[in-house]
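Student: Chains as they are written, first to last, in the numbering used here: chain A, 28 to 233; chain B, 28 to 233.
Every residue gets a Cβ at the ideal spot worked out from N, C-alpha and C, and that includes glycine.
Predicted, not measured: the structure shown is a model, and the values here were computed from it.
#1: To the nearest angstrom, how far is it from the Cα of residue 35(B) to the Cα of residue 209(B)?
#2: Taking 9 angstroms as the CB-CB cut-off, is residue 88(B) touching chain A?
#3: Among 197(A), 177(A), 184(A), 103(A), which residue has its Cα nearest to the Cα of residue 39(A)?
#4: By a C-beta neighbour count over all protein chains shown, 10 Å radius and 16 as the cutoff for buried, is residue 155(B) buried or exposed?
#5: Over what stretch of residues does the alpha helix (DSSP H) that includes residue 40(A) continue unbroken?
#6: State the beta-bridge partners of residue 131(A) as determined by DSSP.
#7: Kindly list the residues whose CB is nearer than 7 angstroms to the CB of residue 37(A), restricted to its own chain and excluding five residues on each side of it in sequence; keep chain order.
#8: On the CB-based measure, 16 or more other CB atoms within 10 Å of its CB, does residue 31(A) come out buried or exposed?
#9: Would the segment 58-71 of chain A and the segment 110-130 of chain A be scored as touching if the rule is three or more Cβ pairs under 8 angstroms?
#10: May I ask you to report which of helix, strand or coil DSSP gives residue 93(A)?
#11: Using DSSP bridges, identify the partner residues of residue 178(A).
#12: How big is the Cα-Cα spacing for residue 79(B) and residue 211(A)?
#13: Below 8 angstroms on the Cβ atoms is my guess for residue 100(A) versus residue 103(B); work out the distance and round it to an integer in Å.
#14: If we ignore side chains and look at the alpha-carbon of each, how far apart do residue 60(A) and residue 198(A) end up?
#15: What does DSSP give as the partner residues of residue 162(A) in its beta bridges?
#16: Just the C-alpha distance for residue 230(A) and residue 52(A), rounded to the nearest angstrom, thanks.
#17: Using Cβ-Cβ distances below 8 angstroms, what residues of the segment 73-97 of chain A are close to chain B?
#18: Strictly below 7 angstroms CB to CB, what residues from chain B border residue 126(A)?
#19: Specify the secondary structure class of residue 207(A) as computed by DSSP and reduced to three states.
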């Protein structure tokens, strides 16, 4: 009787562009009346995991909690958009198993570009040794082996990444292409990657 | 374009009948195609709050987490059914404020009846001093000052409590009376409280 629920899971280094893309996807799906919620890593840390640290155990438990909430939202036909570093491959695979309708988006961006963006000034602090267990600097990041979608935020505009994601979701039959205006005037393969070199600072660093 | 979300919040002593009623309401709404999820106190402790204890702070944080998840589910048009002791009035009022569409059900049952049911054998342990901070024994329970619904599980059958709850939800316009079979053959005031005395052990103790 209603939309099929699913979870879009953005994983990537700090400042790779996860939250920005999550908001863009949210906006696009919201506009057409789909029921969508963003579970942002920072907010979840505050709301569900204040007690947890950034050790491997702390991170794993945090991801388990996010996966549980995403599962509930998905189960009732909602769209959960997760934006969380989620550095461990195994944690993400467990989330996929638990949630079922799970679309993993690897927000791929080279570390030097993320460091230059440094949206929250945390790379600077991590490099100074003021933050321990910082992913990419003093803590590992395991890129997905076989993500459903890869976006290259150092090479594509946010709008291009957005279209790539929406096109894949339509291809997976989560909604018809005709529903989303971003896809309506495009050819079946709508991804036009701008090959104009690095897009440092622009517009991702905002 | 779809159902209006809301949260039904069951509060009451251990063994008062919260989980039983939550499951009955879930079943009734599920049957007619509404999107409904039960957030049961025990499961939430395991999934979101393993780290928290049963001090006042631990309980308050646990309720804040449940309220956050219920808010997300409600926001996307789902029905969240919370079954949690939630002993503090102020915590429940904060949940109401945060969630908005919030229906508080006081599962009212005298302590001696709850102790006799003792579904999980915890009153016994608490009385022996094997469990600390046990609500009703060694920890306070603050009944709601002005709940939306009161069910008297020592005097009503589960079916009568269920009808009372469904009737109130229909009255609040969360769904039409005609949708739910439990209400279809009833008069506008469908609550028929069985005044046959205490229903100890039957069928609540199952």
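Tutor: According to the structure shown:
#1: Residue mapping note: residue 35(B) aligns to position 8 of the second chain, counting from 1. Residue mapping note: residue 209(B) aligns to position 182 of the second chain, counting from 1. Spanning the two alpha carbons is a distance of roughly 18 angstroms.
#2: Residue numbering aside, residue 88(B) sits at position 61 when the second chain is read from its first letter. Chain A contact via Cβ: present.
#3: What you label residue 39(A) is simply residue 12 of the first chain in a count that begins at 1. Closest in C-alpha terms to residue 39(A), from the list 197(A), 177(A), 184(A), 103(A), comes 177(A).
#4: One-based indexing of the second chain puts residue 155(B) at position 128. So residue 155(B) counts as exposed.
#5: Against the first chain, residue 40(A) aligns to sequence position 13. Taken as a continuous stretch (DSSP letters only), residue 40(A) belongs to no alpha helix (DSSP H), as it is neither H nor E.
#6: Position 104 of the first chain, counted from the start, is the residue given in the question as residue 131(A). 36(A), per the DSSP bridge assignment.
#7: Sequence index remark: in the first chain, residue 37(A) carries index 10 (1-based). If you ignore the 5 residues before and after residue 37(A), its C-beta comes within less than 7 angstroms of the C-beta of 45, 48, 49, 109, 110, 132, 134, all in its own chain and listed in chain order.
#8: Taking the first chain and counting its residues from 1, the one referred to as residue 31(A) is at position 4. The residue in question, residue 31(A), is exposed, as its Cβ has fewer than 16 Cβ neighbours within 10 Å.
#9: Short answer: they touch.
#10: What you label residue 93(A) is simply residue 66 of the first chain in a count that begins at 1. The three-state reading of DSSP puts residue 93(A) in helix, counting H, G and I together.
#11: Reading the first chain from its first residue, position 151 is the one you call residue 178(A). Note: residue 178(A) sits in a beta bridge opposite 134(A).
#12: Sequence index remark: in the second chain, residue 79(B) carries index 52 (1-based). Sequence index remark: in the first chain, residue 211(A) carries index 184 (1-based). Looking at the backbone, the Cα of residue 79(B) and that of residue 211(A) are separated by about 49 angstroms.
#13: Looking up residue 100(A) in the first chain gives position 73. Looking up residue 103(B) in the second chain gives position 76. Your pair residue 100(A) and residue 103(B) checks out as a contact, with CB atoms roughly 7 angstroms apart and the cut at 8 angstroms.
#14: Start at 1 with the first residue of the first chain, and residue 60(A) comes out as number 33. Start at 1 with the first residue of the first chain, and residue 198(A) comes out as number 171. Rounded to the nearest angstrom, the gap between the Cα atoms of residue 60(A) and residue 198(A) is 19 angstroms.
#15: The residue labelled residue 162(A) in the question sits at position 135 within the first chain. For residue 162(A), which the question treats as bridged, DSSP gives the partners 166(A).
#16: To locate residue 230(A), count along the first chain from 1; it is residue 203. To locate residue 52(A), count along the first chain from 1; it is residue 25. Residue placement at residue 230(A) is flagged as unreliable, the pLDDT there being 43, under the threshold of 50; the coordinate-derived value follows with that caveat. If I take the Cα positions, the gap works out to 17 angstroms.
#17: So the close ones are 74, 75, 77, 78, 79, 88, 91, 92, 95, 96.
#18: In the first chain, residue 126(A) corresponds to position 99, counting from 1. Counting only Cβ-Cβ distances below 7 angstroms, residue 126(A) has no contacts in chain B at all, with the closest Cβ about 13 angstroms away.
#19: Start at 1 with the first residue of the first chain, and residue 207(A) comes out as number 180. Residue state, collapsed to three classes: coil.
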